[in-house]
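Numbered by the working numbering, the letters in the sequence shown go through residues 18 to 492 in order.
In this text, a Cβ means the ideal position worked out from N, Cα and C, and glycines have one as well.
All of these numbers come straight from a predicted model, not from anything done at the bench.
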Amino acid sequence: MSTENEGNTVPPAPSAPPVPVETPAASPHPAAPQGGPAAPPPPDVPPYVPGAHGAPALQDPGAPVDGSWPPPSPATPAYTDGGAGGSGWGAAYQQHQPAPKPGGRRGGLIAAVLVAALVAGGLGGGLGYTLARNDDSGSTTVSAPDTGASQIKRDPNSIAGVAAKALPSTVTIEAEGTGGRGGTGTGFVFDTQGHIVTNNHVVAEAVDGGKLSATFPDGRKFDAEVVGHAQGYDVAVIRLKNAPSDLKPLALGDSDKVAVGDETIAIGAPFGLSNTVTTGIISAKNRPVASSDGGSDGKASYMSALQTDASINPGNSGGPLLDARGAVIGINSAIQSASSGGLGSSGQSGSIGLGFAIPINQAKYVAQQLIKTGKPVYAKIGASVSLEDTSSGAKITDQGVSGSAPVESGGPAADAGLKPGDVITKLDNRVIDSGPTLIGEIWTHKPGDKVTVTYKRGGKEHTAQLTLGSRIGDS
């Protein structure tokens, strides 16, 4: 790619004003004594003052964020001249030369000028010869001394050091469905057996008889197959066919110990630009996110996400979010955009510094289940809740899904005494403001975990303890 400045031209350099042949009568400079050399007065030259230089500006589209997820499809951004008001580089250069006056000591002045010119000419010639001998082009650039080292040594804990170590264990994934539709995403090496972890929406098109491949930064490309995928978690595992023996899995961190302000490093293939590294920080934790790839089934993924301002874009999906040590703390999955939503959507949305990653503690559990059985296992409370965007809590609905009971008979919620119409406001110490938030929080747990539920009924607050049940597979 190239950039250029448009609409502003640089005027040619002004020529030097000529030396006056005679001192004007009104000159304030004293004349040289008789018989001695006379120095010419300095020319009356106005200083060169550059004018306003108007650089073209990037247009602010001004699209409001309505808070919905996913946002509407993006409009094509326009890069326009933002009203550069400059009229050039400045005022024109003008020369002021006094008119010569007849008579006077012209001969002495000419002699002095010739002597000065000869001296300057001799000095200039000597310098010119030296410069020409050292550099035929006349360049005055300076090169750093050669230390003899084959390359610059960087701290392994620096961003460059972490990226250099992690990049060989990341892959660019290409998925193509039977109908020719597909896309590009990212994944990372999970183990030495050839398993690669990525997002469900990255490989969804290739699940039923499609084509799947993974390319390493060194150019090695392998066919792959889907081992298992979880739409609700938005996690998938693929396996390389004829996997090489030199695979190096990325180290997994502890996402529960991540703190707001911690440094992050994201690796991916934004808009197909493989092996791209960006940096930022953890800007929030436990962010409730419901995202969708825009598929016809309308099913969404729910997560209690790590929020980062590291630049991630379509194609970063499934890539690792690393901490400052290079350990994986999350899987990049979704972005909030001023014009569009999730990273798997067909719209060409872009980063505005609001990216969301699935915490690695959750993703690790899901990946292990997919490798073991090929199917995801979800924790559940055994009650249907409203998916409306509210701020009061998660309300248990009066009717269940597809005619089922809103509170499952013999399920965890029923055993804890919850009923239709109850509004759940907390899960342990986590505030619940909506149904999607509750689902995302439940799925950070494993089946069998004991949790405390705070709920309201008839304006009064109650608490109950329950043991989470399980559901196998997407439904």
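What residues in its chain sit with their C-beta under 8 Å from that of residue i, if we drop five residues either side in the sequence?
i    : result
T414 : S401, V402, S403, P423 and P437
T296 : I176, E280, T281, I282, A283 and A327
S460 : As written in the sequence, residue 460 is Trp, which differs from the Ser given in the question. Counting only Cβ-Cβ distances below 8 Å, and skipping sequence neighbours, we find G249, Y250, Y319, M320, S321, Q379, Y395 and A396.
A180 : I282, I284 and V294
K238 : S230, A231 and T232
Take residue i as the anchor and find which of the options has the nearest alpha-carbon.
i    : options                   : result
L184 : A192, A341, F205 and S321 : F205
D271 : N216, N174, G285 and D340 : D340
G475 : R342, I441 and G199       : I441
T203 : K443, A223, D172 and P331 : P331
P287 : I377, E458, D273 and I352 : I352
N217 : A181, D439 and E191       : E191
G457 : R171, R304 and G372       : R304
G199 : G226, Q210, S368 and G178 : G226
V219 : S419, G289, G399 and S421 : G289
L264 : T195, R171 and K182       : K182
G427 : T195, G399, T158 and N333 : G399
K274 : I377, P429, T157 and N446 : I377
D235 : P261, A430 and S160       : P261
E405 : L455, V244 and K467       : L455
Q385 : K467, G197 and V244       : V244
Write down the C-beta distance between residue i and residue j rounded to the nearest angstrom, noting that I regard them as a contact closer than 8 Å.
i    : j    : result
S487 : K397 : 7 Å
T232 : T189 : 5 Å
V345 : A268 : 7 Å
T407 : D445 : Wrong, their Cβ atoms sit about 20 Å apart, outside the cutoff.
With a CB to CB cut of under 6 Å and the five nearest residues on each side skipped, what residues in its chain are close to residue i?
i    : result
D208 : P266
D240 : S230 and K258
A317 : A307 and S309
V448 : none
K412 : S403 and V440
G490 : K392
S291 : T189
I169 : none
V418 : S401
Taking residue i as part of the alpha helix (DSSP H), name the residues at either end of that continuous run.
i    : result
I459 : G452 to I459
I449 : Segment: none, I449 is in no alpha helix (DSSP H) and carries neither H nor E.
K182 : I176 to A183
A396 : Run containing A396: none in the alpha helix (DSSP H); it sits in the beta strand (DSSP E), V394 to K397.
P429 : P429 to D432
H218 : N217 to V220
Sorted by chain position, which residues of the same chain lie with C-beta nearer than 7 Å to residue i's C-beta, five sequence neighbours on each side aside?
i    : result
A374 : A322, L323, T325, L338, G347, I348, N349 and S350
H479 : Y472
R171 : A177 and G178
G194 : E222, A223 and G227
G420 : none
K467 : Q482 and T484
Using only the alpha-carbon positions, how far apart do residue i and residue j sit?
i    : j    : result
P453 : G336 : 24 Å
S309 : T390 : 25 Å
A433 : A221 : 37 Å
H246 : K381 : 13 Å
L387 : V252 : 9 Å
A300 : V277 : Residue 300 is actually Ser in this sequence, not Ala. Distance between the alpha carbons of S300 and V277: 6 Å.
T293 : K463 : 34 Å
S409 : Q416 : 20 Å
D500 : K477 : Outside the shown range of the chain, which is 18 to 492, sits residue 500, and nothing can be said about it.
I298 : S354 : 18 Å
N174 : K443 : 40 Å
G465 : T484 : 6 Å
Q210 : R342 : 24 Å
V254 : N333 : 16 Å
T469 : A481 : 6 Å
S368 : I329 : 6 Å
Y65  : P162 : Low per-residue confidence applies at Y65: pLDDT is 39, beneath 50, and the placement is therefore not dependable enough to give any value.
I213 : G372 : 22 Å
T201 : T215 : 11 Å
P87  : G370 : Interpretation of P87 is limited by its pLDDT of 37, a score under 50 that renders its predicted location unreliable; no figure is taken from the coordinates.
R256 : G197 : 21 Å
P429 : K302 : 27 Å
Please list the terminal residues of the continuous beta strand (DSSP E) segment that includes residue i.
i    : result
Y382 : Per DSSP, Y382 belongs to no beta strand (DSSP E); it is in the alpha helix (DSSP H), I377 to T390.
H479 : K477 to T484
V468 : K467 to R474
T293 : T293 to S308
I413 : Element bounds for I413: n/a, residue is neither H nor E.
E193 : T187 to E193
G200 : G199 to V206
A351 : V345 to I352
A322 : S318 to T325
Given 7 Å as the limit, tell me if residue i has its C-beta closer than that to any heavy atom belonging to the ligand ZN.
i    : result
A422 : Absence of the ligand ZN from the depicted structure is noted, as is the absence of any ligand whatsoever, leaving it without description.
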